[in-house]
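The sequence shown maps to residues 470 to 1169 in the numbering used here.
Working notes, structure below.
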Amino acid sequence: MNRETYAVHGATAVITLDNPPVNGMGHAMRQEVAGHLDTAWADPAVSAIVIIGAGKLFCGGADIKAFNTPASRAEPSSRTLVARIEASAKPVIAAVHGSALGLGLEFAMGCHYRIARRGAKLALPEVKLGLLPGGGGTQRLPRLVGVEAAATMIVEGESVDADRALALGLVDEVIDGELLPAALAFADRLAGGVAAAREHPVVSRRAVRPPQDPGFFAAQRQRIAASRRGQPAPLECLACIEAALTMPFDEGLKFERERFDILVNGTESKAMRHLFLAERAAAKIDGLPADTAVATIDRVAIIGAGTMGGGIAMSFASAGIPVTLVEAKPEALQRGLATIRKNYEATAAKGRLSAAEAEARIARIEGALDLERVGDADLVIEAVFEDMAVKQELFTRLDALCKPSAVLATNTSRLDVDEIARTTRRPASVIGLHFFSPANVMRLVEVVRGAASSPSTVASSMNVVRRIGKLPVLVGVCDGFVGNRMVAQYAREAEFLLEEGATPGQVDGALKKFGLAMGRFAMADLAGLDIGWAGRKRMAATRPAHLRYSKVADRICELGRLGQKTGAGFYRYEAGSRSPVPDPVVHELIEQCARESGIERREISDAEIVERTIYALVNEGAKILEEGIAQRASDIDLIYVNGYGFPAWRGGPMFYADTVGLAKVCERIREFERRHGEFWKPAPLLVRLAESGKTFAKPE
């Protein structure tokens, strides 16, 4: 807080929220604002008060790191401060620009009037952190906008822009141009009796408009139970909105605080806050100099117009970056461009994009059949068939064709980036950018730093991935990097469980109950079984002969069942349907593989399914950490939540292990080692942390 935060303009006091980077409403700022309010109230020359934000926004909300600490409750608390503002005899005006989020919006709703600059965003997104608005938001917002709109903003965490906020009654005026002069003019009109509120200026004294549908709350609960399983916050948000309708304001506030306290101390919210902070941490790269040069990337070339290449092209085009999409065959290029157009037009048809913007994005993607067209690209991304020889040959050609400053990236999901880089004369410019399918939808990108990748190449790659709205997580080189290396252990145990007595449906059902978006086998069918099969065949020569190996997946592929794209995989798929249907053919094949391996089938519990698959992830994650393939445990959690459907409300596999207790996890892994062999040898890092009572989150 280094700028002037209190000033008087005529008869109006201006209090500026100045706590970079987002004007977070921490204890120090609450104290400062309270002091400024006392000054304004005591000054007889001041007749109105404007509260405005410094920098790019009004207020980004509470200090998340302060939750579950004494500072979050220290007086003046946010509730105390808002109550004092509401009780002010002098009108208080919130002047919002940029965004007012969470506690920032709750603070603004405590003011008597709200004006907003056009384009400002207003939201109560606490549900996305497993919380509910705890500063009176669940009680004030329904009084301003009605129950239905409040539910959309609070239960779903959706934002509204300034114009929509005006239509809803959340703000009193929308302005263009400079905000402070408009706020001062609004205050002057109040003094002259010109600007009158639609209703009582103190929001807590307004009546709540009941929903039009008497069954609104019951229907919402049913919808939430079906779509947000395992997440208590949405239901608690809805209960608080209902309390605004059925309880006096002060009782509703008390109810809100009680429900907030339960959530903020619960595992689900701690997990989601962990992921929020993990995204900030992932941007920090150990050992990267602060003054590392970041390349300007104005044009991108993508080699391969298949599903992955087309999706990557859309990601850049949607961010305003021109793309040259290169294919070897005309029919493949036209098919790829047609798919891109179809995807954009479908998005526009759903109202998520205007037709004009869809055409603008399509126009940014130029097809080409000549590889020499990559010459002017600042970044080239290879998205061709997952074969080392094919990729090496391509990178040798790219090395000769690309300008010296270009970054050369491979989208390989598991191949050795260093081996690819060695085929060029510029290994320092080579990096892995492992997009996840569908690339135009999935946020995660594993940025694979090779042994020779320069600091500038790493920094430039992380920067451009963020620029296109993705989540970059830095990883090192090994087979499968972080995500696919870990998922191989998860898949191994899932397939062993099939031979031991489970069915694909039981395994998938147990994992979905745990919270995964899809079970192991339905996900494999969706992705296609051929890539994994090719990888297993590639590694067959080096696979230790004494270790157990399940042939189930290979046998399924040998039958031509490659997943949804062939109508059959671990499940059968009816024509035109993506719903998995249990198939007796697969069940018989599983039993045959078990007999050949001398495995006596038994009853498998859902608890064993979850422990063996999830703890396999954890154990491999610990090895990855110790090897330095991932910088921190929270990076692994981000990869699994954003790339593999791990439930956010469990925080990722490493955070989940911390919540179970590493001593307990390690004990179970040792038991699995005794029963199932050396696959389950516990990672040394896991053993050390378990024995010392430490966690992956706090290993020191």
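Where a beta carbon is used, it is the ideal one built from N, C-alpha and C, also for glycine.
- Per DSSP, reduced to three states, the secondary structure at Leu-757 is coil, with no helix or strand assignment.
- Between Pro-545 and Arg-499, the alpha-carbon positions lie close to 6 Å from each other.
- Take the alpha-carbon of Ala-517 and the one of Val-561: they are about 6 Å apart.
- The distance from the Cβ of Arg-989 to that of Thr-1082 is about 7 Å, consistent with a contact at the 8 Å cut-off.
- Counting C-beta pairs with one atom in each stretch, the segment 1025-1041 and the segment 993-1010 have three or more that are closer than 8 Å, which means they touch.
- Secondary structure of Ser-874 (DSSP, three-state): coil.
- Listed in chain order, the non-local C-beta contacts of Thr-1128 below 6 Å within the same chain comprise Thr-736, local neighbours out to five positions each way being set aside.
- By the neighbour-count criterion, in which a residue is buried when 16 or more other Cβ atoms sit within 10 angstroms of its Cβ, His-1015 is exposed.
- Distances from the CA of Asn-880 to each of Asn-932, Phe-950, Asp-847 were compared; the closest alpha carbon is that of Phe-950.
- In this structure His-505 is buried. Its beta-carbon is surrounded by 16 or more other beta-carbon atoms within 10 angstroms.
- When the Cα atoms are used, Glu-1136 and Tyr-1125 turn out to be separated by approximately 16 Å.
- Counting only the Cα atoms, Ala-660 lies some 25 Å from Ala-523.
- Taken through DSSP and simplified to helix, strand or coil, Asp-767 comes out as coil.
- Excluding the 5 residues flanking it on each side, Arg-883 has same chain C-beta neighbours closer than 6 Å at Asp-948, Gly-949, Asn-953, in chain order.
- In this structure, the straight-line span from the alpha carbon of Arg-842 to that of Gly-1067 is close to 57 Å.
- Secondary structure note for Leu-570: its beta strand (DSSP E) is the uninterrupted segment 568-570.
- Ala-782 and Val-792 have their C-alpha atoms roughly 6 Å apart.
- Annotation: the continuous beta strand (DSSP E) that includes Leu-591 extends over 590-592.
- In the DSSP assignment, Leu-1158 falls within the alpha helix (DSSP H) that extends over 1153-1161.
- In the structure shown, the three-state DSSP call for Asp-630 is strand.
- A direct Cα-to-Cα measurement between Asp-847 and Thr-926 gives close to 11 Å.
- Assigned with DSSP and collapsed to three states, Thr-485 falls in strand.
- DSSP assignment within the segment 529-616 yields the following whole alpha helix (DSSP H) runs of 4 residues or more, N-terminal first: 547-555, 572-579, 606-614.
- Assignment of Leu-639 by DSSP, reduced to helix, strand and coil, places it in the coil class.
- A Cβ-Cβ distance of about 6 Å is found for the pair Asn-1111 and Leu-940, placing them in contact under the 8 Å criterion.
- For the options Thr-776, Asp-532, Ile-772, Arg-961, the alpha carbon positioned closest to that of Val-859 is the one of Ile-772.
- Ala-511 sits in a helix when the DSSP states are folded into three classes.
- Shown here, His-478 sits in a strand according to DSSP, grouped into three states.
- Beta-bridge partners assigned by DSSP to Ala-517: Thr-481.
- In this structure, Val-614 keeps its C-beta atom at 8 Å or more from the C-beta atom of Ala-589.
- Assigned with DSSP and collapsed to three states, Phe-905 falls in coil, not helix or strand.
- The DSSP-derived three-state label of Arg-1041 is strand.
- Distance from Val-519 to Arg-583 at the Cβ level is roughly 11 Å; contact not present, criterion being Cβ atoms closer than 8 Å.
- Residue burial is scored here from C-beta neighbours: Gly-780 has at least 16 other C-beta atoms within 10 angstroms and is therefore classed as buried.
- A check of alpha carbon separations from Ser-787 across Leu-757, Ile-834, Lys-819, Arg-804 identifies Ile-834 as the nearest.
- In the same chain as Asn-492, and ignoring 5 residues on each side of it, the C-beta atoms closer than 8 Å to its own belong to Leu-486, Met-498, Gly-522, Ala-523, Gly-524, Leu-526, Phe-527, Cys-528, Gly-529, Gly-573, in chain order.
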